[in-house]
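Report on one structure; see the data block that follows.
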Amino acid sequence: DLPHGWNAHRAQTYRQLACHLECGQFTQLQRSNWVRENTDAITTYYTMLMLGDITPPGKLSSMVKGLKMHMIHHWLLDVTQDIRLSGQYATMLVGPTPSGLIPTNVPSIEAPEDFMVPAYTQHSDAALDAANWRV
Numbered sequence: 008d009l010p011h012g013w014n015a016h017r018a019q020t021y022r023q024l025a026c027h028l029e030c031g032q033f034t035q036l037q038r039s040n041w042v043r044e045n046t047d048a049i050t051t052y053y054t055m056l057m058l059g060d061i062t063p064p065g066k067l068s069s070m071v072k073g074l075k076m077h078m079i080h081h082w083l084l085d086v087t088q089d090i091r092l093s094g095q096y097a098t099m100l101v102g103p104t105p106s107g108l109i110p111t112n113v114p115s116i117e118a119p120e121d122f123m124v125p126a127y128t129q130h131s132d133a134a135l136d137a138a139n140w141r142v
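To convert, note that position 23 of the sequence shown is 30 in the numbering used here; the numbers rise steadily by one, no gaps.
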């Protein structure tokens with residue numbers, strides 16, 4: 008909040024950043040992870056500088072915590088698919104997992120009624136319902 012923040016919804020800032028990145032031919036991999044294949048460092052750097060054009064003027068420069076570009080020379084160095092559930096190194100569940108996050112090719116069964124909600128999970132009616140979990 009003011010005077011140590013913009014007292015604005017984060018969603019609007021993310022929408023503006025997304026629009027600039029999409030105009031620069033980037034695609035979103037995850038919330039704050041964007042990629043552009045077959046590009047060069049200068050193009051990427053310039054696109055990053057243009058993110059400063061979001062409104063209101065000065066917002067990005069006064070609040071940015073980190074803005075980095077990385078070049079992965081070969082996709083073998085990207086282990087995302089390998090460690091993702093159903094990937095080479097995550098072929099089965101290792102604990103209770105929300106049912107909506109489990110790919111169809113990963114074997115699972117319903118959690119027992121007396122299962123323990125995993126640590127750091129916020130308690131809610133849905134979180135306490137064993138039908139929403141698989142083991």
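Ideal placement from N, C-alpha and C gives every residue a C-beta, glycine not left out.
(message) Using a Cβ-Cβ cutoff of less than 7 Å, which residues in the same chain neighbour N139 once the five nearest sequence positions on both sides are dropped?
(response) What you label residue 139 is simply residue 132 of the sequence shown in a count that begins at 1. Non-local C-beta neighbours of N139 in its own chain, meaning closer than 7 Å and more than five positions away in sequence, comprise P105, S106, A133, ordered along the chain.
(message) Rounded to whole angstroms, what is the Cα-Cα separation between V101 and T62?
(response) Within the sequence shown, numbered from 1, the residue matching residue 101 stands at position 94. Within the sequence shown, numbered from 1, the residue matching residue 62 stands at position 55. V101 and T62 have their C-alpha atoms spaced approximately 44 Å apart.
(request) Report the three-state DSSP secondary structure of E117 (helix, strand or coil). (result) For this step, residue 117 is matched to residue 110 along the sequence shown. Of the three classes helix, strand and coil, the one that applies to E117 here is strand, per DSSP.
(request) With N34 as the anchor, note down where its alpha helix (DSSP H) starts and where it stops. (result) As a position in the sequence shown, residue 34 is number 27, starting the count at 1. Asn is not the amino acid found at residue 34; the sequence shown has Thr there. Unbroken run through T34 is the beta strand (DSSP E), 34-37; no alpha helix (DSSP H).
(message) Tell me which residues share the same chain as R123 and place their Cβ nearer than 8 Å to its Cβ, disregarding the 5 neighbours each side in the sequence.
(response) In the sequence shown, counting from the first residue as 1, residue 123 sits at position 116. The displayed chain sequence assigns Met, not Arg, to residue 123. If you ignore the 5 residues before and after M123, its C-beta comes within less than 8 Å of the C-beta of P103, all in its own chain and listed in chain order.
(request) Give the secondary structure of R22 by DSSP, where H, G and I count as helix, E and B as strand, and everything else as coil. (result) Locating residue 22 in the sequence shown gives position 15, counting from the first residue. DSSP places R22 in helix when its eight states are reduced to three.
(request) From the DSSP output, in three-state form, read off N40 for me. (result) Numbered from its first residue, the sequence shown carries residue 40 at position 33. If DSSP states are grouped into helix, strand and coil, N40 belongs with the strands.
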